[in-house]
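Below is one structure, written out as structure tokens, with a few remarks after it.
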DNA sequence: CGCGCGTTTGACATGACTCAAATGCTGTGG
DNA sequence: CCACAGCATTTGAGTCATGTCAAACGCGCG
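Chains as they are written, first to last, in our numbering: chain X, 240 to 487; chain G, 240 to 487.
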């Protein structure tokens, strides 16, 4: 039973947190914007960051088509971004874990392109964009880091496009699970055992599938010995064969 | 017959071109990197640009997984970028028209993430990236423009993701045609009458559909009075109803 | 403890794919 | 200039994966 299993605690529980730490002692430092900045520049960056951002499940961070004021970096928890398709339905364009940037696609239009919502109790750092730009004029490395983050998201979106246009349901779910695994690894967590902070419905939506299909796939993957799911906790049992499923 | 119709000439014929013009007299200036730069900075940028890039149909600009050396801006013609899926199939991740940037997703990894191929005789400007970065340290506006271009592509990729994961074949093709129309409008060309520089096969691939489906859709859209196709030339006859097809 | 939502399971419908073959177009060499 | 080869496009028939609808189940929260 999921409730008996000691599920690895992925993220800080914000209610137990101390005051948010400055960049130089943040565990996400190596994934984040300050990487490679000297002490002097880092201090200047530190001063413009708002670390007091805290959100509960279903709280909205920003709405699509509202003015772009800040970039956000997740510190703990999970967010999703959604875009309303014209027919009223919604598409989840991304899930965001600690160290990941939300809002990069708003820089061009100067309006947020999606609505960002917390999937659980979460915290983040807000980077006011005009101040970031001002700072960037003096700190080239900062601009480079932003461009690199944007480039990284661009590359991973291209992969998602391929997934959605070329692959069947098996491959989509397998790829999704392995992508989570890889992202957790970057953050020093287990690659094989983690908690799915999003409901099945959201996974289905993100992968362009029906909830029922996701449910059936979880059941079949488990039966085939690829994974072990119980509610929100999941263990990737057979990584090589899961990898094999990512094709077609 | 397509051959009798005077199809609007979208792009310069490179064989008739004069020497490539400098940025300040380039017709793509307002869409491109120099936008907002002062004369002095523009001159410095001008000096690092290689304008002698010319490619024939099927020529490769770069291959995936080779070192990232330069960003490219299309000056005339069309390019496509493809990624090889692990099972050997290819996915076309984008088409690129004059004024559009190729290679932005390579900045993070420092390797090209896709293979870029000319769809017809085409020319482009090459921007050596290390020199661009050096220049960027002195010209903040240049960095901002790059970030903005990257952000723009990010936003349009998110839209494509939605298209691929949520929409049926009708909506995919309608959206694709209207997206071409909008991009041609930005460049001062007709929004309703243009040439499809890519073969059906490539449209199908890009939209995650079979060639046969595209062919049937063109036939049906024409029968329904939405469009008028003859070979590579197409007229969008009923924009409002085409727009309506973009849903579902 | 009970309600409600998230999840699972089953039966059936259908849109798009695959395979197959005809037709049309383009570029090339005689 | 014409004929031909090869590729692109169109059209048809049948299959299958995934969606839709419906209903049962069970976990978690109040």
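Virtual Cβ for every residue (Gly too), placed ideally from N, Cα, C.
Name the chain X residues that come within less than 9 Å of residue 339 of chain G, Cβ to Cβ? Within chain X, no residue comes near residue 339 of chain G; the closest Cβ sits about 13 Å away, beyond 9 Å.
If contacts are defined as beta-carbon pairs under 8 Å, then residue 276 of chain G and residue 386 of chain X qualify, I think. What distance do you get, rounded to the angstrom? The pair is not a contact, with the Cβ atoms about 17 Å apart (cut-off 8 Å).
List in chain order: all unbroken beta strand (DSSP E) runs of 3+ residues lying wholly within the segment 316-390 of chain G. 318-323, 329-335, 354-357, 361-367
If we ignore side chains and look at the alpha-carbon of each, how far apart do residue 264 of chain X and residue 380 of chain X end up? 20 Å
Considering only the alpha carbon of each residue, which of X:457, X:283, X:272, X:469 lies closest to residue 340 of chain X? X:272
Helix, strand or coil, according to DSSP, for residue 466 of chain G in the structure here? strand
Identify every residue that forms a DSSP beta bridge with residue 268 of chain G. According to DSSP, residue 268 of chain G bridges with nothing at all.
Rounded to a whole number of angstroms, what is the C-alpha to C-alpha distance between residue 304 of chain G and residue 347 of chain G? 12 Å
Roughly how many angstroms lie between the CA atoms of residue 388 of chain G and residue 262 of chain X, to the nearest whole one? 28 Å
Where does residue 499 of chain G fall in DSSP's three states? Nothing about residue 499 of chain G can be reported from this structure: the residues present for chain G run from 240 to 487 only.
Check whether the segment 467-484 of chain X touches the segment 432-442 of chain X, taking contact to mean three or more Cβ pairs, one atom from each stretch, closer than 8 Å. yes
Reference residue 453 of chain X, options X:404, X:442, X:353, X:313, closest by Cα: X:442
At a cut of 8 Å, does the segment 478-486 of chain X reach the segment 396-413 of chain X through at least three beta carbon pairs? yes
For the segment 394-421 of chain G, list every residue whose C-beta sits within 7 Å of some C-beta in chain X, in sequence order. 394, 396, 397, 399, 400, 401, 403, 404, 405
Runs of alpha helix (DSSP H) wholly within the segment 392-449 of chain X (minimum 4 residues, chain order): 408-425, 439-446
Backbone secondary structure at residue 300 of chain G - three-state DSSP: strand
So does the segment 356-374 of chain X actually touch the segment 316-323 of chain X, counting three or more Cβ pairs closer than 8 Å? yes
Quick one: grab the DSSP three-state call for residue 295 of chain G. coil
Indicate whether at least one CB of chain X lies closer than 8 Å to the CB of residue 322 of chain G. yes
Tell me, please, whether the CB atom of residue 376 of chain X is closer than 8 Å to any CB atom in chain G? yes
Using a 10 Å radius around the Cβ and a threshold of 16 neighbouring Cβ atoms, would you call residue 344 of chain X buried or exposed? buried
What residues from chain X crowd round residue 473 of chain G, counting only those whose CB sits closer than 9 Å? None at all; the shortest Cβ gap to chain X is about 22 Å.
Expressed to the nearest angstrom, what Euclidean distance is found between the alpha-carbon atoms of residue 331 of chain G and residue 476 of chain G? 27 Å
Taking buried to mean at least 16 other C-beta atoms within 10 Å of its own C-beta, is residue 405 of chain G buried or exposed? buried
Under 8 Å by beta carbon: chain X residues contacting residue 437 of chain G: Those do not exist, as residue 437 of chain G stays about 15 Å from chain X at its closest Cβ, beyond 8 Å.
Mind checking the segment 270-292 of chain X against chain G and listing, in chain order, the residues whose C-beta falls within less than 8 Å of any C-beta there? none
Tell me, to the nearest whole angstrom, how far the beta carbon of residue 372 of chain G is from that of residue 375 of chain X; I am working on the premise that it is less than 8 Å. Actually they are not in contact, since the Cβ atoms of residue 372 of chain G and residue 375 of chain X sit about 13 Å apart, beyond 8 Å.
Going by C-alpha distance, which of X:295, X:357, X:342 is nearest residue 350 of chain X? X:342
Any beta-carbon of chain G closer than 8 Å to the one on residue 389 of chain X? yes
Kindly list the residues whose CB is nearer than 6 Å to the CB of residue 356 of chain X, restricted to its own chain and excluding five residues on each side of it in sequence; keep chain order. 299, 319
Beta-bridge partners of residue 474 of chain G, as assigned by DSSP: G:432, G:467
Taking only the alpha-carbon atoms, compute the straight-line gap between residue 425 of chain X and residue 424 of chain G and give it to the nearest angstrom. 43 Å
Taking only the alpha-carbon atoms, compute the straight-line gap between residue 334 of chain X and residue 447 of chain X and give it to the nearest angstrom. 14 Å
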